[in-house]
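Going down the list, the protein sequences come from chains V and G. Here the numbering used here is used: the first residue of the first sequence is 1, the next is one more, and so on. Here the numbering used here is used: the first residue of the second sequence is 1, the next is one more, and so on. Backbone N, C-alpha and C define an ideal beta-carbon position, used for all residues, glycine too. These numbers were taken from a predicted model, which means no experiment stands behind them. Notes to accompany the following structure.
Protein chains: 2
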Amino acid sequence: MKNTPLSRREREKLQQRKEILAAALALFSEKGYHNVPMQEIAEAAEFAIGTLYKFFQNKEDLYKALVMEQGDRFEAAFAAAIQAPGDEIEKLRNFVRARRDMCRDNLPFVRLFIAESKGASFNLKAGLDADLREKIDAVMEKLTRVFESGMKNGRFLKIADPYSLAVALDSVIDAFVLLWVESPERHPFPEDPDAILDIFFKGLLPKA
Amino acid sequence: MKNTPLSRREREKLQQRKEILAAALALFSEKGYHNVPMQEIAEAAEFAIGTLYKFFQNKEDLYKALVMEQGDRFEAAFAAAIQAPGDEIEKLRNFVRARRDMCRDNLPFVRLFIAESKGASFNLKAGLDADLREKIDAVMEKLTRVFESGMKNGRFLKIADPYSLAVALDSVIDAFVLLWVESPERHPFPEDPDAILDIFFKGLLPKA
DNA sequence: TCAAAAAGTGACGATACGTTCATAGTTTCT
DNA sequence: AGAAACTATGAACGTATCGTCACTTTTTGA
C-alpha cells in the first residue's frame, strides 16, 4: 500500500494494461470469450500478440483480470450505495439507482457480468467463479442486513426472511437490467427506483 | 402428423438419437458446450464419431436440437400449469409448483437452460437464441395475462404493470432455483409456493 | 555517445478439435 | 445363399488458436 512511487514507465505500463483490458472487454462482451482469439485482442489494442503475454500469463488470466477488476468497481459502487446515510427505504432506493447508473455507464461489462454471474459457470475455470461469487455475496449480505434492520425497527413487515428478500430484489433488478440491455427503447430502465421497489413495498393482494 | 407408421428401424433410430442427446446433455450441463468434444459424446453414447454425424449435421446442430427439445418440454409444462383451471392466485401457485417439479426432475438441463436463457447469448449462433427466446416469451405472455385478468377482476391490486410483474416473478423463481441448484441443502426450494408468492402478495411496507 | 537492459514483435511449433470418407460390417430381400 | 442396400466406424485431414522465443527496436543511464 505505498502512496505513489510510480515511475513514468510504470504509469505507462499501467495505462497499456488498461488499454489491453479495454479492448478485450469490448470484444468479449460482443462475441464471448471463446470467439475472441488473442490475435484479435492484440490488433484491437495495437500490440503484438507477444506483448499481451508480457502483461498476462495466458488468455484465461487476462479474462479473469478483466472480470475481477470490473467486478471490484461494481461491488464498491453497490456497497457504497447501500451504506450511504438514510433509512432502510432510502438505502434500497440508492441500491437500485446504483445498479441503474453502473449499467448505464458500463453496458459492455454488464453483458459479461450477467453471463458470468448467472449459470454459465462452466465457461471458465473454477477460480474466477469463486472469487466473483464472493463479491456478489458480499453485496447480498449487506442487502440482507438492510431488510433485517428494517424489520427490527418496524419499517418493514416480516413477509419473508431477509436473505430471500435480498435475493429476490437483486434478481428483479437483474431482470429489468436484462430487458433494458436487450431493447433500451422498448424497456427503458425506470428512472424512479420505486417503480421497481413498489413490487416489494406494496402488496399484490388487497389486505384481508 | 401421422399416428404411428414407424418401422422397427425407425423406432430404433429414434431411441439412438435420444441416447446421444442424453449423453450430450449430461456432458454439456457439467462442462459446458466448449469443453465437450464430439469424441467424448460419442464415447459416452457408445457410438463412433462418424455415427453422430448421421444424426446431426454438426456439433452446433446437436446442441441446438438438445436445447430446443428440452425447451419444448419445459414450455409445455409451464403453459399447462398456468392454464390449468383455477383463479389467478391458483394459476400462479401452479406455475411455481411446475417450476419446482421440472427443476427437480431435470436438474442437468436446468443448468444449461439458465445459462442459455440468461446473458450468455453469445455462447452460440443466433438461431438458438431467437427460437428459445420465443418459447420463454410465450410463457411470459401467459403469465402477464394472469396478472392482467387478476387486476381486471379485482383479485390483484395494480401495484405495477402486468408484464413487469410477470418478469419479476419469473426472475425471482429463477433466483430461488439457482440457489437451490448450487446448494440443495442450504437453500431447498420451498415446498409451499406461497413462500415465494408472498413476496409479491404481501406488501413490505405497513399500509400508510 | 554508446552499450547494456528493457520492451515489443510476430513467425512458428504444438495441440486440440470438428468433420469427412473409404472401408468394414450388418441387414434385407430374392 | 448371395448380392444389393444400408449402416457404422475411426483414422486422417484441415483448420484454428494458444503460447513461445529468437530477434529487433527502443529506452536508459553512464
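Shown here for I199(V): same chain residues with a beta carbon closer than 7 Å to its own, the five before and five after excluded, namely V172 in chain order. Unbroken alpha helix (DSSP H) runs of no fewer than 4 residues, entirely contained in the stretch 118-200 of chain G, are found at 126-152 and 162-182, following chain order. Of the candidates E46(V), L6(V), G71(V) and P206(V), the residue whose Cα lies closest to the Cα of A138(V) is G71(V). Under the DSSP assignment, K91(V) falls in the alpha helix (DSSP H) whose first and last residues are E88 to D105. The C-alpha of N35(G) is placed about 29 Å away from the C-alpha of F47(V). Interface annotation, A175(V): in contact with chain G, CB-CB separation under 7 Å. Residue environment for A160(V): buried (at least 16 other C-beta atoms within 10 angstroms of its C-beta). Our two residues, Q83(V) and K91(V), have alpha carbons roughly 7 Å apart in a direct line. Ranked by Cα distance from E88(G), the first of Y163(G), P206(G) and E148(G) is E148(G). DSSP, read as helix, strand or coil, puts P108(G) in helix. Following the DSSP letters along the chain, one finds S29(V) inside the alpha helix (DSSP H) bounded by residues R8 to K31. In the three-state scheme derived from DSSP, where H, G and I count as helix and E and B as strand, N58(G) is classed as coil.
Here DSSP, grouped into helix, strand and coil, assigns G50(V) to helix. E19(V) is positioned such that its CB atom lies no closer than 7 Å to that of A44(V). Beta-carbon to beta-carbon, I41(V) and L27(V) are separated by about 6 Å, close enough to satisfy the 8 Å threshold.
Annotation for A84(V): no alpha helix (DSSP H) segment contains it, and DSSP assigns it neither H nor E. A direct Cα-Cα distance of roughly 7 Å separates M38(V) from K59(V). Comparing alpha-carbon positions, the option among W180(V), E185(V) and A80(V) lying closest to M140(V) turns out to be A80(V).
Contact annotation for V172(V) against chain G: A168, S171 and V172 [CB-CB distance below 7 Å, chain order]. Look at the stretch 69-82 of chain G: it has no residue with a C-beta under 7 Å from a C-beta of chain V. DSSP, read as helix, strand or coil, puts K64(V) in helix.
If you check the CB distance, F156(G) and L204(V) come in under 7 Å. In terms of CA proximity to D131(G), L66(G) leads the group L66(G), L21(G) and S7(G).
Distance from the Cα of D61(G) is smallest, within the candidate group P85(G), R100(G), K31(G) and L21(G), for L21(G).
Apart from the 5 residues on each side of it in sequence, F95(G) sits with its Cβ closer than 6 Å to the Cβ of A81 and I82 in its chain, given in chain order.
Taking 7 Å as the cut-off, the Cβ atoms of R100(V) and F189(V) count as close. By the neighbour-count criterion, in which 16 or more other beta carbons inside 10 Å mark a residue as buried, L6(V) falls on the exposed side.
Closer than 7 Å to the CB of F95(V) there is not a single CB belonging to chain G. Taking a Cβ-Cβ threshold of 8 Å, none of the residues of chain V is close to K91(G); the smallest such distance is about 13 Å. In the three-state reduction of the DSSP assignment, G71(G) falls in the helix class.
Excluding its 5 nearest sequence neighbours in each direction, A23(G) has C-beta neighbours in its own chain below 6 Å: I41, A44 and A45, listed in chain order. Among the residues facing chain V, P206(G) is included, as its CB has a counterpart in that chain under 7 Å away. Between L25(G) and F113(G), the beta carbon gap of about 11 Å keeps them out of contact (Cβ cut-off 8 Å). Here P193(G) is buried, its C-beta having at least 16 other C-beta atoms within 10 Å. Contacts between I41(V) and chain G, judged by CB atoms closer than 8 Å, are missing: the closest CB pair is about 16 Å apart.
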